[in-house]
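Only one structure is covered here, and it is reproduced in the block below.
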Amino acid sequence: MKNKYIKIFCVAIVSTLALTSCDKGFEEMNTNPNALTKPAVKSMFTLAEIYVDGQDFSNTRGNNAYAAQIVQHFSSLGGPGSKYTYSPEYSGSLFGESYGKGLNQIMQLLSVLENTPENSNMIQACRIMKVLMFQKLTDTYGEIPYFEAGKGYNGNIFSPKYDTQEAIYNDLLKELDEAGTALDANKPFVGNADLYYQSDVARWKKLANSLMLRVAMRLSKVNPAKAREFVEKAAAKGVFTSNNDSVVLKHDAGPPGVKTNPITSSWVRNDLNGGEANIKYSKTFIDALKNTNDPRLRIYAKLEATGDNSPASQQGLANDAKEFPGGDKKLFSDPNTSTVLRLDAPTLILSYAEVEFILAEAAVKGWSVGGTAQKHYEDGVKAAMEILTIFGDKVPAVSTTEYNAYIAAFPFKSAGTEAQKIEQIIGQKWIVLLFNGFEAFSEYRRTGYPALVPVNDVNGETQGTIPRRLVYDQSELITNADNYKAAIQRQGLDVMTTRIWWDK
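Mapped onto mature numbering (1 follows the signal peptide of the UniProt record, and there is no 0), the consecutive letters of the sequence shown carry residue numbers -20 to -1, 1 to 484.
Rendered as structure tokens:
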């Protein structure tokens, strides 16, 4: 990431031109070839939505190779996340890409939008998208540039200070509360340029409140009173109530670029290799589903070399493995290219199932969110199974009969301890967060669930303990050294074992 802060706002949005199908009025973008005087704000908004969940660079490196392997969704013989080794390029990928692309795009758009009633809904949606991105960033690294980020263009701040995570979280909650309230169905939006909800303001309001639920619950140990306050507020304001509310971003199969799936496209084109891939499902993940006869396994996994998706044939790779047992990579489970690893597979950014699991945990804690913990848990499991229909019909969907059998065999532990109930809830959330390794990593650190067995590899950086964060983009040592040093002086060494503020 070179000169990321200087670049923010300092160039016209040439990247928007790559989005060929969103707005045909690109000729209106410039009336002067050297000055952006009439930006195509709808196209800018669409591109911001695409960038929110990252592109190939951060998803291949930070998500697939680090976070998703740390939480043992996936495994690789030499993967930095499996063995807790340090790769500067991979570890810093989310940091560099987020400031250089996603946040750049959102803040560029906010800088050209006049604060008028006509633009109000677009502004509120941008505030919500900023929270999605900033929460992922701060949860991954800890302290980050926040209040001064993106002020190179209109504030001449090219070396922004890092802010404490407590201050960032306080502002994230404020932003969601205000933005959700300010959204107004009687005001214009962006029509079909909104890829998430096609300008359905009611669902955007639910997104603001559901994201508030996620942000607030992250504070459950470091500030339980504030966590409860905002969880209850979010629930009262109205959160997701069905899978139709989930944030699902659709993709194209090709050509490779901004509109393809940032996780599956690089995996299928470069890494899958007919079943010879180095990244496989983790033994932890496959065993968890096999041992419970989970009907989702046939949808999630198959042996790519043979096309066999029968649950009995699935086999995961242990995260501490130094070789493939038996020497044949093709005998180990790959993500299913007929469903979740399709080139045009949609991205599930925030799901109704996740919301139900947060409400279930809140109910276990005795917080006022409406409904019982058991009902929220069961609705969450059902939603997590039903949402898989977004990946197509080449594999049979989970039937109501299968769901009922699963819940009957593994009912909610109503008579268990609070810890046992939360462990059961987070175990289900861990499954639904497949391909969202960053969020699963955060939830593992917050709760300690699922109970993962650490890897103690000779080349690891953590002496056999599961990492607590990723290391910053090391270009910060050159471009923002003083503020970087101040951050690590407050937070602790820039290593994988340093705990961030809410990780208690």
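Beta carbons are placed, not taken as given, at the ideal position from N, Cα and C, and that holds for glycine.
Item                                                                                                                                                                                   : Value
Give me the residue from SER318, GLY351, ALA343, LYS362 with the minimum Cα distance to ALA333.                                                                                        : LYS362
Measuring alpha carbon to alpha carbon, tell me which residue in SER200, GLN49, GLU29 is nearest TRP481.                                                                               : SER200
Go ahead and label GLY59 buried or exposed: buried means 16 or more other beta carbons lie within 10 angstroms of its beta carbon, across all protein chains shown.                    : buried
Over the uninterrupted alpha helix (DSSP H) stretch that includes PHE75, give me the two end residues.                                                                                 : 73 to 77
Should the region 416 to 429 be regarded as contacting the region 353 to 369, the criterion being three or more beta carbon pairs within less than 8 angstroms?                        : no
Among ALA205, PHE127, ALA301, ALA188, whose alpha-carbon lies nearest the alpha-carbon of GLN49?                                                                                       : ALA301
Check whether the Cβ atoms of THR244 and ARG194 sit closer than 8 angstroms, and answer yes or no.                                                                                     : no
What is the DSSP secondary structure of ALA281, reduced to helix, strand or coil?                                                                                                      : strand
Give me, in chain order, the residues of the same chain whose beta-carbon lies closer than 8 angstroms to that of GLY436; leave out the 5 immediate sequence neighbours on both sides. : Sequence inspection shows Asn at residue 436; the Gly mentioned does not correspond to that position. Within the same chain, ASN436 has close Cβ partners ASP300, GLN443, GLY444.
Report the residue ranges of all beta strand (DSSP E) runs contained in full by the region 22 to 82; include only those spanning at least 3 residues, in chain order.                  : 54 to 56
Mark residue 542 as exposed unless 16 or more other C-beta atoms lie within 10 angstroms of its C-beta, in which case mark it buried.                                                  : The chain is shown from -20 up to 484; residue 542 falls before or after that span and cannot be answered.
Could you give the residue range of the alpha helix (DSSP H) that holds VAL227?                                                                                                        : Where VAL227 is concerned, there is no enclosing alpha helix (DSSP H), although the beta strand (DSSP E) it sits in stretches over 227 to 229.
Looking at C-alpha atoms only, which residue of LYS484, MET24, ASN44 is the closest neighbour of ASP251?                                                                               : ASN44
Distance check for GLU209 and GLY80, CA to CA, integer angstroms please.                                                                                                               : 34 angstroms
On the three-state DSSP scale, how would you describe residue 491?                                                                                                                     : Past the edges of the chain, shown from -20 to 484, lies residue 491, and the structure says nothing about it.
Taking the C-alpha atoms as reference points, what is the distance between GLY42 and SER73?                                                                                            : 6 angstroms
In angstroms with no decimal places, state the Cα-to-Cα distance between residue 486 and PRO168.                                                                                       : There is no way to answer for residue 486, as the model of the chain reaches only from -20 to 484.
For PRO13, count neighbouring C-beta atoms within 10 Å of its own C-beta (all shown protein chains included) and say buried if the count is 16 or more, exposed if not.                : With a pLDDT of only 44 at PRO13, under 50, the local geometry of the prediction cannot be trusted, and the value read off the model is given with reservation. Classification for PRO13: exposed.
Return the first residue and the last residue of the beta strand (DSSP E) that LYS260 is part of.                                                                                      : 259 to 261
On the three-state DSSP scale, how would you describe ASP143?                                                                                                                          : strand
Thinking C-beta only, is GLY287 closer than 8 angstroms to TYR261?                                                                                                                     : no
Counting only runs of 4+ residues fully inside the region 292 to 378, write out the alpha helix (DSSP H) ranges in chain order.                                                        : 332 to 344, 353 to 366
So SER318 and LYS374 are supposed to be a Cβ contact under 8 angstroms. How far apart are they, rounded?                                                                               : 4 angstroms
Can you have a look at ALA216 and say buried or exposed, based on whether 16 or more other CB atoms are within 10 angstroms of its CB?                                                 : exposed
Using CA atoms only, rank isn't needed, just tell me which of LEU163, ASP174, ASN172, ALA196 is closest to ALA182.                                                                     : LEU163
Find the nearest neighbour of VAL238 within the set GLY82, LYS465, ILE446, judged by alpha-carbon distance.                                                                            : GLY82
Would you identify the three-state DSSP class for PRO19, choosing helix, strand or coil?                                                                                               : coil
Can you tell me which of the three DSSP states PRO204 falls into?                                                                                                                      : helix
Let me know the secondary structure DSSP gives ILE480 once reduced to three states.                                                                                                    : coil
Compare the beta carbon distance of GLN422 and ASP119 with 8 angstroms and say whether it is the shorter of the two.                                                                   : Here residue 422 is Ser; the residue named in the question, Gln, does not match the sequence. Going by C-beta atoms, SER422 is nearer than 8 angstroms to ASP119.
What would DSSP say about THR240, mapped onto helix, strand or coil?                                                                                                                   : strand
Do you know how far the Cα of GLN85 is from the Cα of ALA(-9)?                                                                                                                         : For ALA(-9), the pLDDT reaches just 36, beneath the cut-off of 50, and the residue's location in the model is therefore unreliable, although a value from the coordinates is still provided. One C-alpha to the other measures close to 10 angstroms.
On the three-state DSSP scale, how would you describe ILE124?                                                                                                                          : strand
Cα-Cα, which of PRO19, GLN354, SER23, LEU277 is closest to ASP174?                                                                                                                     : SER23
Rank LEU328, ALA395, LEU153 by C-alpha distance to the C-alpha of ALA214 and give the top, closest one.                                                                                : LEU153
Looking only at DSSP bridge pairs, what is ASP288 linked to?                                                                                                                           : LEU283
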